[in-house]
Every structure is written in C-alpha cells, then in structure tokens.
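To start, the structure itself, in structure tokens.
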Amino acid sequence: MESISGVRGPVLRRGAEGFDGERAGFQTASRHEPDVLVGATGAEDVRAAVTFAAERGLPVTVEATGHGRAVPALGGVLIQTRRMTGVSVDPAGRTVRIEAGVRWGQVIDAAAVHGLTPLSGSSPEVGAVGYTLGGGLGLLARTYGYAADHVRSIDVVTGDGEARHVTADSDPDLFWALRGGGGGFGVVTALEIDLVPVATIYGGTLFFAAGPDVLAAFQEWTALVPEELTSSVGMMTFPDVPGAPESLRGRFVASVHLAFAGAAAEGERLVAPLWAAGPVLRDTLAEMPFAASASIHNDPDGAPRVHGHQRAGVGPRRRRAGRRPRHRRTGRARLELREDQPLGWGARAAAGRRERGRAP
Ligand SMILES: Cc1cc2nc3c(=O)[nH]c(=O)nc-3n(C[C@H](O)[C@H](O)[C@H](O)COP(=O)(O)OP(=O)(O)OC[C@H]3O[C@@H](n4cnc5c(N)ncnc54)[C@H](O)[C@@H]3O)c2cc1C
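If you're matching positions, the sequence shown starts at 61 in this note's numbering and goes up one per residue.
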C-alpha cells in the first residue's frame with residue numbers, strides 16, 4: 061500500500077492486494093483501470109487526493125456504488141467514497157446532511173424515524189449523491205420534482221484542490237452546475253438536502269401482458285390522475301427461471317409502477333380505471349411505509365452486466381405497436397424500456413424558468 065500525504069484511507073496502485081475489491085461496484089460490464097485508487101474516509105482525504113492528481117496533471121474519477129458507471133476510467137486517480145457514510149437528520153428543519161458514499165436506503169431509514177422521507181428513486185442501493193447530482197427522478201417526482209431542486213448546500217472539492225461550501229447565494233453558478241451536471245465540476249463530499257413529510261404511500265406494480273392497448277390506456281390514465289400520483293410504465297421479458305413469479309415467467313410484460321402520496325382508499329380509487337387496460341397478470345399494490353418502497357420497482361441489488369433504463373424511449377410508433385424493445389435479455393443482463401409519467405411539478409418549474417428567460 062502506498063500513501064498520499066494527508067490521506068488516511070487506503071491508497072492502492074494497480075495490481076496491489078485489495079485493488080480489485082475496491083474498484084468493484086454494481087455494474088460489472090466494465091471496470092475502472094486507474095493508476096491509483098484512493099479509498100476516501102472523509103473530505104480531507106478527497107482534498108488530498110484531488111491535490112495529488114492536480115499537481116501531476118492526472119484525471120480524477122469518483123465512484124460511490126458503481127450504479128452509474130458509464131465510461132470506465134483509464135489511468136489517473138479513482139476516488140472511492142464508499143467509506144463516507146455519515147447521515148445526520150435535522151427533523152425540525154426537514155433536512156438531512158449526507159456524505160458522499162451514502163446509499164438511499166440509509167437516508168430513508170434515518171428519515172423514517174421522524175415521519176419524513178427523501179426524494180429517492182426506485183432502488184435504495186443507489187448512491188444518494190450521484191443520483192442527486194444527475195437530477196434524480198424519484199418515486200414522488202410528480203409531487204415534489206427533481207431531487208436536484210431540493211439541495212440546500214453542497215460541500216465540494218474543486219479541481220484546484222480547494223474545499224468549498226456552496227449554496228445558491230455563495231456561488232450560484234457552481235451550485236446550478238453541480239445540480240444536474242453530475243460529477244464534472246468537482247468531487248462532492250457532502251450534500252444537505254430536503255426531506256418531505258411522507259411516511260406512508262399506496263403503491264406497487266400492476267403487470268399486464270405487453271401490448272399497444274396497455275400503453276394507450278396508461279397514457280390516457282396518466283392525464284387523469286393528480287400530481288400526488290407518480291408512475292412509469294416498463295416493458296421487459298421476464299426470465300423463464302425458477303424463482304420468477306409463475307404468472308410472469310418467460311412472458312413479455314408491461315409493468316406500471318406507481319406511488320401515491322395519499323390515503324390507500326383514494327389510491328385504490330385513482331388506480332381503478334387502469335385495471336381495464338388488459339388482463340392483470342399480477343398486482344402488488346398495497347399501503348406501505350415509504351421505507352418499503354424498494355418493493356415497487358424491485359430493482360436488482362446484485363451485480364448485473366447491464367441494467368438499462370431507456371427512459372424517454374417509447375416513441376409513438378413503438379407505443380402504437382406495443383413492440384418489444386430491441387434489447388433482449390442476454391446472460392444476466394436485465395433491460396427494461398421505461399417511460400415516466402410527465403412531471404407536474406417539474407414541468408411547471410421548467411415552464412416558469414422559460415417564462416423568466418432562463419435555460420430549462
Ligand atoms: C438499479 C438502478 C435504479 C435506478 N433508479 C433511478 C431512479 O429511480 N431515478 C433516477 O433518477 N435515477 C435512477 N438510477 C440512475 C442513478 O441515479 C445514476 O446511475 C447515478 O449516477 C448513480 O449514482 P451512484 O453514486 O450510485 O453511482 P456511481 O456509479 O458510484 O456514480 C455515478 C456517477 O455519479 C457521479 N458521482 C458519484 N459520486 C460523486 C461525488 N461524490 N462527487 C461528484 N460526482 C459523483 C460521478 O459522475 C459518477 O461517475 C438508477 C440506476 C440503477 C442502476
């Protein structure tokens with residue numbers, strides 16, 4: 061093991077013992093090939109690692125869980141944040157401070173104690189910081205909008221090795237760029253984000269045999285439901301393997317995932333028209349604590365080679381035909397073609413920004 065001045069966590073060169081374990085993450089289709097890997101234990105480790113890279117002109121990559129690994133790093137310094145797991149809830153202010161390596165599940169559990177919830181997405185295994193920096197379209201998105209619009213402050217180490225505390229007032233441009241711009245503007249060491257007063261939801265999934273009628277019915281239905289109900293439709297071929305639900309095994313299935321931030325009886329009433337979309341193969345709708353919301357999408361928590369969300373990909377022709385996505389399941393890959401219900405809150409905010417002459 062090497063050392064970098066000021067770093068308390070492990071510093072590993074390629075080939076060192078523990079290197080492969082440190083660079084492994086959710087996505088196994090590709091892997092990072094950095095020259096040096098730093099297992100950061102806190103903001104000071106991040107600052108030291110970025111300074112080390114800056115002094116040598118090396119590129120820096122950051123990873124928390126590997127859920128969003130797109131282009132693997134070749135050379136340079138990889139900062140692994142999984143040891144940075146501090147979570148601190150302020151119930152009165154309805155905010156939470158999260159360190160860079162925190163996964164949503166941790167935040168959900170810490171907030172639930174106070175009857176609050178974060179604007180998390182389908183999987184509690186996803187990193188809260190990476191998700192939020194990318195925008196973050198969550199289970200309650202139609203009610204509250206993007207997670208990136210609910211950030212109070214950002215602790216970030218910029219490329220010059222400076223640690224900054226950034227708010228909308230202190231540095232509006234950097235604050236704006238980080239929220240949606242992903243990891244291109246620095247290494248975030250912590251975020252302070254809003255929590256919302258939702259303790260229980262009515263939600264789950266309705267599974268249909270995929271076809272044009274289901275997609276047309278979904279589209280019509282989404283125009284009728286209030287903003288407290290957020291939904292998406294996905295199409296995928298279920299694996300024909302033991303353990304998959306019998307009613308879905310080997311079938312090309314359309315699944316409508318939804319979460320309603322309101323009473324179960326009202327949720328049932330709102331969802332009722334959707335049952336006419338076609339024979340329902342399986343129904344998991346129920347009232348649940350938000351802490352159980354992972355059951356809605358039931359995303360894999362293992363390590364698939366590819367997990368594709370093609371979120372804006374259902375064009376009119378494909379929708380009319382209810383066609384099978386071109387991607388197929390191969391090996392352990394799971395691919396789902398998914399379209400989200402248009403946002404109410406988000407669309408209104410974007411329209412407001414356009415009216416004020418600012419970029420959407
Ligand atoms: C199963 C699954 C479910 C998902 N569900 C949703 C969903 O419901 N809604 C949604 O909006 N998205 C969803 N996503 C997408 C997910 O939000 C992104 O892939 C996100 O980038 C994952 O962040 P991570 O930290 O877990 O991943 P990582 O692979 O660790 O990081 C991904 C990228 O985030 C950036 N990043 C991470 N940490 C930092 C940091 N500390 N500082 C600066 N940049 C950083 C870097 O650019 C990094 O390459 C899902 C993805 C998967 C695989």
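Yeah, the Cβ is synthetic: ideal placement off N, Cα and C, and Gly gets one too.
Residues near residue i in its chain [Cβ-Cβ closer than 7 Å; skip 5 each side]
i: residue 320; result: 261, 262, 263, 288, 289, 327, 330
i: residue 77; result: none
i: residue 155; result: 212, 252, 253, 254, 255
i: residue 99; result: 69, 70, 82, 140, 143
i: residue 305; result: 342
i: residue 147; result: 156, 158, 162, 166, 167, 170
i: residue 114; result: 219, 220, 221
i: residue 324; result: 262, 347
i: residue 109; result: 64, 67, 98, 100, 137, 139
i: residue 307; result: 341, 342
Nonlocal neighbours in the same chain, by C-beta distance under 8 Å from residue i, ignoring five residues either side
i: residue 68; result: 101, 102, 104, 105
i: residue 63; result: 71
i: residue 227; result: 212, 213, 214, 235
i: residue 132; result: 90, 91, 92, 93
i: residue 313; result: 267, 268, 269, 270, 295, 296, 297, 298, 341
i: residue 79; result: 72, 73, 97
i: residue 172; result: 259, 349, 350, 351
i: residue 216; result: 223, 224, 226, 234, 238, 245, 246, 247, 248, 249
i: residue 300; result: 309, 310
Residue environment, residue i, which counts as buried when at least 16 other CB atoms sit within 10 Å
i: residue 355; result: exposed
i: residue 178; result: buried
i: residue 335; result: exposed
i: residue 233; result: exposed
i: residue 225; result: exposed
i: residue 73; result: exposed
i: residue 134; result: exposed
i: residue 65; result: exposed
i: residue 353; result: buried
i: residue 243; result: buried
i: residue 184; result: buried
i: residue 75; result: exposed
i: residue 284; result: exposed
i: residue 107; result: buried
i: residue 292; result: buried
i: residue 205; result: buried
i: residue 310; result: exposed
i: residue 479; result: As shown, the chain starts at 61 and ends at 420. That puts residue 479 outside it, with no answer to give.
i: residue 390; result: At residue 390, the pLDDT of 34 sits below 50, so the modelled position is not reliable and the matter cannot be decided from this model.
i: residue 332; result: exposed
i: residue 153; result: exposed
i: residue 123; result: buried
i: residue 303; result: exposed
i: residue 372; result: Any answer about residue 372 is weak, because its pLDDT of 33 lies below 50 and its placement is not dependable; what the coordinates show is given next. Counting Cβ neighbours within 10 Å, residue 372 comes out exposed, since fewer than 16 surround it.
Beta-bridge partners of residue i, as assigned by DSSP
i: residue 224; result: 216
i: residue 350; result: Paired residue(s): none; residue 350 is not in a bridge.
i: residue 64; result: DSSP lists no partner for residue 64.
i: residue 320; result: 262, 289
i: residue 88; result: According to DSSP, residue 88 bridges with nothing at all.
i: residue 256; result: 177
i: residue 158; result: 147, 251
i: residue 57; result: Outside the shown range of the chain (61 to 420) lies residue 57, about which nothing can therefore be said.
i: residue 141; result: BP columns for residue 141 are empty, so no partner.
i: residue 342; result: 267
i: residue 73; result: 96
i: residue 121; result: 138
i: residue 187; result: 163
i: residue 211; result: 253
Neighbourhood of residue i by C-beta distance below 6 Å, restricted to the same chain and skipping five residues each side
i: residue 118; result: 136, 137
i: residue 259; result: 175
i: residue 239; result: 208, 211
i: residue 357; result: 182, 317
i: residue 277; result: 337
i: residue 237; result: 245
i: residue 274; result: 268, 314, 337, 338
i: residue 151; result: 174
i: residue 164; result: 180, 184, 186, 188
i: residue 112; result: 64
Quiz prompt | Distance cut 5 Å, beta-carbon to ligand 1 heavy atom: residue list by chain order | solution = 122, 123, 124, 125, 126, 127, 128, 129, 160, 181, 182, 183, 186, 187, 189, 190, 191, 194, 196, 197, 242, 243, 247, 248, 359, 367
Practice problem: Mind the definition here: the stretch 73–92 touches the stretch 126–140 only if three or more C-beta pairs lie below 8 Å; say whether that holds. | Solution: yes
Quiz item: Counting pairs of beta carbons, one from the stretch 186–193 and one from the stretch 112–132, are three or more of them closer than 8 Å?
Solution: yes
Exercise. Would you check if there are 3 or more beta carbon pairs closer than 8 Å linking the stretch 154–173 to the stretch 337–348?
Key: no
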